[in-house]
Amino acid sequence: MKYALLIYSQLNADEYGAVLDATRQADDDDGPWVQYTRAARDAGVLVAAEQLTHDDTATSLRHQGGDRMITDGPFMETKEHLLGFYLFDVDDLDTALDWAKRMPTHPGQTIEVRAALAGLPWQRALAD
Amino acid sequence: MAAGPGGLAGTTRLERAFREEWGAVVATLARRLGDLQAAEDAAAEAFAAASVTWARDGVPPNPGGWLTVTAWRKAVDAHRAAGPRSTSVDPQVLGSVTADARTAPDIAETDMTETLGDDRLGLIFACCHPALAEDVRVALTLRFVAGLTTREIAAAFVVPEATLAQRLVRAKRKIRESGIRFTVPAPERLAERLQSVRAVVYLVFNEGFASSSGSSLIRGDMCDEAIWLGRLLHRLMPGDAETAGLLALMLLHESRRAARLAADGRPIPLAEQDRSAWNSALIAEGTAVLDEALVLRSPGTYQLQAAIAALHAAAGSFEATDWPQIALLYRALARVDPSPVVEVNRAVAVGMADGPLAGLAVLAPVLASGALAEYGPLHAAHGFLLEKAGDSERARGAWMRATETLDNAAVRDELLRRYVEPRTENPGRGVENGGSAP
């Protein structure tokens with residue numbers, strides 16, 4: 000089963016920018032996130048992973064009465080922001096939760112674990 | 000709702016056997032299908048078929064096997080009728096189900112009954128999975144492990160039946176879609192998951208023992224269900240000391256049930272209970288189960304609490320109780336599982352062992368911290384110790400505070416009657432822990 004581990008953070012845009020700057024400068028080849036990602040890859044369970052820009056740079060497309068309105072900003076202003084995800088292919092929720100527990104932590108970080116659906120018609124297009 | 004066997008009130012042996020069979024069928028099917036809803040539906044159909052076939056042809060030699068295999072075939076039929084795409088069950092699983100039923104219908108029966116113990120455990124672990132909310136775990140366990148109906152569970156927890164049914168539907172969907180498995184967890188996860196299972200069973204017991212929502216102090220039916228679950232769990236995991244400790248604790252509390260309430264429903268303090276009304280068979284069983292647990296040398300909170308309950312059970316009177324030993328056990332409990340509630344109980348034990356001033360000294364930091372300001376038993380214990388120390392005036396204030404904070408109406412009324420409204424003539428008797436299982 001595929002599971003998305005969605006990483007939510009309470010960092011605002013400035014704080015997130017500072018964290019990113021520090022990360023780039025350190026250029027650490029053996030930091031906790033590097034170790035974590037390597038471990039997941041070596042276990043053969045990692046499907047994908049991405050880190051996102053802060054949601055204050057998001058652009059949203061809203062459907063309203065047949066129109067598609069482009070708006071500046073995220074879908075919803077919230078205190079917690081989705082900043083990245085790992086996609087794992089593991090046997091069950093317990094294993095997915097184990098990977099969530101192993102993830103490096105930041106204060107105020109929440110990992111939401113969501114199973115992906117399988118066998119839907121549109122997914123056949125991925126295999127074409 | 001599916002075949003909802005068993006009346007809650009005055010469950011008969013036959014009803015219990017029927018429910019046990021139902022639970023076994025659901026467990027076996029759930030594990031193989033990975034889907035509680037499909038298992039429940041198939042079990043309902045199998046029981047409906049049994050009521051027709053058995054009445055006509057007589058009860059088969061192995062009723063459990065008959066029901067399981069019939070339910071299994073119903074599940075396969077349901078899968079075929081619905082078509083491969085519409086099913087809620089993992090197509091891979093059902094593929095093997097269909098092949099299994101087609102090629103080896105006779106193997107299925109022995110196969111299934113052999114794994115029954117694991118199936119039941121797997122179902123319990125799924126129902127008590129920490130990814131489910133606590134009240135949902137309780138409802139799932141009572142419905143699918145103990146075999147109560149949705150109506151019975153809703154009545155016990157004082158929620159509308161439709162609300163409870165909705166919660167169960169969502170929970171079944173979450174188990175299926177999120178990949179919660181009906182298996183015994185891997186060794187590295189077992190301890191944590193077992194803790195969640197025990198907590199659910201003890202929650203059910205406490206709901207019956209000291210209802211916070213109902214008006215009557217003891218709703219014994221929930222105690223019966225919890226003890227039944229505790230016995231099942233202990234039978235399935237005989238080597239787990241804390242599981243045995245939990246069963247022992249429940250049996251020892253339950254042994255006092257008949258003595259805890261007066262005929263008019265008033266709670267009777269431990270000090271004044273008619274000890275000859277305590278159930279000696281339950282005490283003997285609880286003590287024996289506790290001894291089994293202690294031999295395993297893996298101590299924990301349930302065993303410590305059971306040991307305290309066993310000392311009460313063994314005492315000829317309140318005064319003759321081995322209070323120093325109880326105080327020591329509370330100290331050990333505070334080390335394993337520190338909480339101000341434990342300190343309150345320890346204060347009473349110390350007060351009995353070493354005098355009220357020593358007890359008040361234990362209570363002082365709890366009172367000062369304010370952490371339990373709204374916890375009735377704290378003030379009841381305070382009143383008890385002050386009274387014992389001869390400070391009736393301050394004791395009366397503490398009793399007053401206790402009546403303001405207790406949410407169990409029966410206990411509150413009794414405190415008011417004894418200590419607040421008239422001047423007390425019989426000091427030194429606390430209402431047992433304000434009604435909660437210590």
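Chains as they are written, first to last, in numbering that gives the first Met the number 0: chain X, 0 to 127; chain R, 0 to 437.
Where is the CB? At the ideal position from N, CA and C, for every residue including glycine.
Identify the contact partners of residue i in chain X, using a Cβ-Cβ distance below 9 angstroms as the criterion.
i                 : result
Ile-179 (chain R) : Asp-91, Leu-92, Asp-93
Pro-268 (chain R) : Simply none; closest approach about 45 angstroms.
Gly-313 (chain R) : It should be pointed out that residue 313 (chain R) corresponds to Ala in this sequence rather than to Gly. The contacting residues do not exist; Ala-313 (chain R) stays about 42 angstroms from chain X at best.
Within this structure, are the beta carbons of residue i and residue j separated by less than 9 angstroms?
i                 : j                 : result
Ala-346 (chain R) : Leu-359 (chain R) : yes
Ser-8 (chain X)   : Tyr-2 (chain X)   : no
Ala-41 (chain R)  : Val-58 (chain R)  : no
Asp-97 (chain X)  : Pro-73 (chain X)  : no
Phe-181 (chain R) : Ala-37 (chain R)  : no
Asp-117 (chain R) : Val-183 (chain R) : yes
Glu-245 (chain R) : Arg-188 (chain R) : Before going on, a small fix: residue 245 (chain R) reads as Leu here, not Glu. Not closer than 9 angstroms, so no.
Taking all protein chains shown into account, do 16 or more other C-beta atoms lie within 10 angstroms of the C-beta of residue i, making it buried, or fewer, making it exposed?
i                 : result
Ser-211 (chain R) : Annotation note: pLDDT 45 at Ser-211 (chain R) (below 50); position unreliable, coordinate value reported separately. Exposed, by the Cβ-count rule.
His-381 (chain R) : buried
His-105 (chain X) : exposed
Ala-124 (chain X) : exposed
Pro-104 (chain R) : Caution applies to Pro-104 (chain R), whose pLDDT of 42 falls short of 50 and renders its modelled position unreliable; the value that the coordinates give is listed next. By the 10 Å Cβ count, Pro-104 (chain R) comes out exposed.
Lys-78 (chain X)  : exposed
Asn-11 (chain X)  : exposed
Trp-121 (chain X) : exposed
Asp-239 (chain R) : buried
Met-0 (chain R)   : Summary for Met-0 (chain R): the model assigns pLDDT 36, below 50, so the residue's position carries little reliability; its value from the coordinates is reported in the next sentence. Met-0 (chain R) is exposed by the Cβ-count criterion.
Gln-34 (chain X)  : exposed
Lys-73 (chain R)  : buried
Phe-204 (chain R) : buried
Glu-392 (chain R) : exposed
Val-75 (chain R)  : buried
Val-89 (chain X)  : buried
Gln-272 (chain R) : buried
Ser-177 (chain R) : buried
Leu-13 (chain R)  : exposed
From the options, pick the residue whose C-alpha is nearest to that of residue i; which is it?
i                 : options                                    : result
Ile-69 (chain X)  : X:Arg-61, X:Glu-76, X:Met-75               : X:Arg-61
Trp-277 (chain R) : R:Pro-186, R:Arg-192, R:Ser-254            : R:Ser-254
Ile-267 (chain R) : R:Trp-71, R:Glu-241, R:Gly-229, R:Arg-411  : R:Arg-411
Asp-225 (chain R) : R:Pro-62, R:Ala-155, R:Val-340             : Looking at the sequence itself, residue 225 (chain R) is Ala, so the reference to Asp does not match. Selected option, being the one with the closest Cα: R:Ala-155.
Ala-43 (chain R)  : R:Asp-56, R:Thr-67, R:Gly-57               : R:Thr-67
Leu-405 (chain R) : R:Phe-208, R:Trp-227, R:Ala-283, R:Glu-373 : R:Glu-373
Val-335 (chain R) : R:Pro-59, R:Gly-350, R:Ser-297, R:Glu-318  : R:Ser-297
Gly-264 (chain R) : R:Ser-279, R:Ala-408, R:Ala-394            : R:Ala-408
Ala-444 (chain R) : R:Arg-119, R:Gly-116, R:Arg-169, R:Leu-115 : Residue 444 (chain R) is absent from the model: chain R starts at 0 and stops at 437.
Leu-120 (chain R) : R:Leu-232, R:Trp-65, R:Asn-61, R:Gly-375   : R:Leu-232
Leu-163 (chain R) : R:Ile-325, R:Thr-149, R:Arg-172, R:Leu-281 : R:Thr-149
Arg-247 (chain R) : R:Ala-261, R:Leu-310, R:Gly-207, R:Leu-260 : The identity of residue 247 (chain R) in the sequence shown is Ala, whereas the question assumes Arg. Of the candidates R:Ala-261, R:Leu-310, R:Gly-207, R:Leu-260, the one whose C-alpha sits nearest the C-alpha of Ala-247 (chain R) is R:Leu-310.
Thr-402 (chain R) : R:Asn-344, R:Arg-417, R:Gly-63             : R:Arg-417
Thr-286 (chain R) : R:Ala-306, R:Ala-145, R:Gly-229            : R:Ala-306
Arg-101 (chain X) : X:Asp-20, X:Asp-13, X:Gln-24, X:Pro-31     : X:Pro-31
Hey, could you find the ends of the beta strand (DSSP E) residue i is sitting in?
i                 : result
Ala-130 (chain R) : Where Ala-130 (chain R) is concerned, there is no enclosing beta strand (DSSP E), given that its DSSP letter is neither H nor E.
Gly-83 (chain X)  : 80 to 88
His-62 (chain X)  : 58 to 63
Ser-8 (chain X)   : 1 to 8
Glu-49 (chain X)  : 45 to 50
Met-399 (chain R) : Counting along the chain, Met-399 (chain R) falls outside any beta strand (DSSP E), though it belongs to the alpha helix (DSSP H) covering 391 to 404.
Ile-267 (chain R) : It is not in any beta strand (DSSP E) - Ile-267 (chain R) carries neither H nor E in the DSSP assignment.
Given that residue i touches chain X, what residues does it touch there, using C-beta distances under 7 angstroms?
i                 : result
Arg-169 (chain R) : By Cβ distance, chain X contributes nothing, its closest Cβ being about 15 angstroms from Arg-169 (chain R), past 7 angstroms.
Glu-176 (chain R) : Ala-114
Arg-30 (chain R)  : None at all; the shortest Cβ gap to chain X is about 13 angstroms.
Pro-184 (chain R) : Asp-93
Arg-188 (chain R) : Asp-93
Ala-49 (chain R)  : Within chain X, no residue comes near Ala-49 (chain R); the closest Cβ sits about 33 angstroms away, beyond 7 angstroms.
Ala-38 (chain R)  : The premise fails here: Ala-38 (chain R) is roughly 17 angstroms from chain X at the closest Cβ pair, so nothing lies under 7 angstroms.
First and last residue of the alpha helix (DSSP H) that includes residue i?
i                 : result
His-381 (chain R) : 375 to 387
Asp-41 (chain X)  : 31 to 41
Val-288 (chain R) : 279 to 294
Ile-174 (chain R) : 160 to 177
Val-410 (chain R) : 408 to 414
Val-112 (chain X) : Run containing Val-112 (chain X): none in the alpha helix (DSSP H); it sits in the beta strand (DSSP E), 109 to 114.
Met-75 (chain X)  : Segment: none, Met-75 (chain X) is in no alpha helix (DSSP H) and carries neither H nor E.
Met-249 (chain R) : 240 to 253
Arg-192 (chain R) : 186 to 208
Pro-337 (chain R) : Taken as a continuous stretch (DSSP letters only), Pro-337 (chain R) belongs to no alpha helix (DSSP H), as it is neither H nor E.
Which residues in chain R have a C-beta closer than 7 angstroms to the C-beta of residue i? List them in chain order.
i                : result
Met-75 (chain X) : Within 7 angstroms Cβ-Cβ: nothing; Met-75 (chain X) doesn't reach chain R, min ~23 angstroms.
Met-0 (chain X)  : Gly-178
What does residue i touch in chain X if you count any residue whose Cβ is under 8 angstroms from its own?
i                 : result
Ala-306 (chain R) : Under the 8 angstroms cutoff, chain X gives no residues; its nearest Cβ is about 33 angstroms from Ala-306 (chain R).
Ala-77 (chain R)  : Result: empty, since nearest Cβ-Cβ is about 18 angstroms, beyond 8 angstroms.
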